[in-house]
Amino acid sequence: MIIAIDGPAASGKGTIARRLAAHYRLPHLDTGLLYRAVGAKALAHHVNFEDPAALAALAGVLDPAALDPEALKSGAIGEAASRVAAVPQVRAKLLTLQQDFARQPGGAVLDGRDIGTVIAPDAEVKLFVTATPEARAARRHHELLGRGEEVALEAVLADILKRDERDSGRASAPLARAADAEILDNTGLDVEQSWQAALALVERRRRPGGPS
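Reading the sequence shown from the start, the letters are residues 1 to 212 in UniProt numbering.
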C-alpha cells in the first residue's frame, strides 16, 4: 500500500505521515527533507540559487540515509528548500529516488507537495492536508520558538504566504491536490484530532467498496 500525503508548509502532513507509517508498519520518506538538504548544502557552500546546474549537482550526490531531520528544520533552510524545489533540474534529479522509495515491496508512506500528482499518482491512498495560513504560521512560530529561534509571528506568516505562492505557482510539479485525494483541513484540530481524522480517511479508502 502506498500512502501519498501532500499539503502546504506547516500543515501537519509530516506528523500524520510518520504516525501512519508507524501504524501500518511501512517505511516513511519526508520528501521535503530532500529539498531541505539541497538547500542547506547550497547555503553552506555559498552556491548561487540562480544556478540550476550547480543546485542539481548537489541533488545528484544526496544520500537520503544521511539526512538529519533536526538539523534541517531551521527557518532559513526552509526558505532555501522552497527555492530549490522550484528548480526543474533539482526535481528531475530527485524524482527517481522518490519513485523507487514509493515502489518498494510492501509499499510506503511519502509526504510532500507532489506525491499524489507526480511521484506516486497510482497510490492507493491520497490525502491532501491543509489549514489556513494563519493557523500554519502559528504552528511554525511555536516550533521555531521551541528551538530557540527568535522570530516574529508576522514574519513567519509572511514566509508561509510567500512559500505557498512559490510552491503553487512553480512550473515544475506545483503543489496541487490530486483529483482523487481526500482533503483534511485541520485548522481547528489539535495533533491527536488531526491524526485520528487522517486514520479514518485512510481506513475508509482501504475498505472494500470505499471511494476510489
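Ideal Cβ placement from N, Cα and C applies to all residues, glycine included. This one's a predicted model, so the numbers in the text were calculated from it and none came from an experiment.
In the same chain as residue 36, and ignoring 5 residues on each side of it, the C-beta atoms closer than 6 Å to its own belong to 72, 77, 81, in chain order. In this structure, the beta-carbon distance from residue 177 to residue 101 does not fall below 7 Å. Looking at the backbone, the Cα of residue 33 and that of residue 60 are separated by about 15 Å.
Taking each of 163, 42, 94, 137 in turn and checking the Cα distance to residue 187, the smallest one comes out for 137. Going by DSSP, residue 130 is part of the beta strand (DSSP E) stretching over 125-130. Rounded to the nearest whole angstrom, the C-alpha separation of residue 20 and residue 179 is 22 Å. Rounded to whole angstroms, residue 159 and residue 79 show a C-alpha spacing of 8 Å. Residue environment: residue 63 is assigned as exposed (fewer than 16 neighbouring CB atoms within 10 Å of its CB, all protein chains considered).
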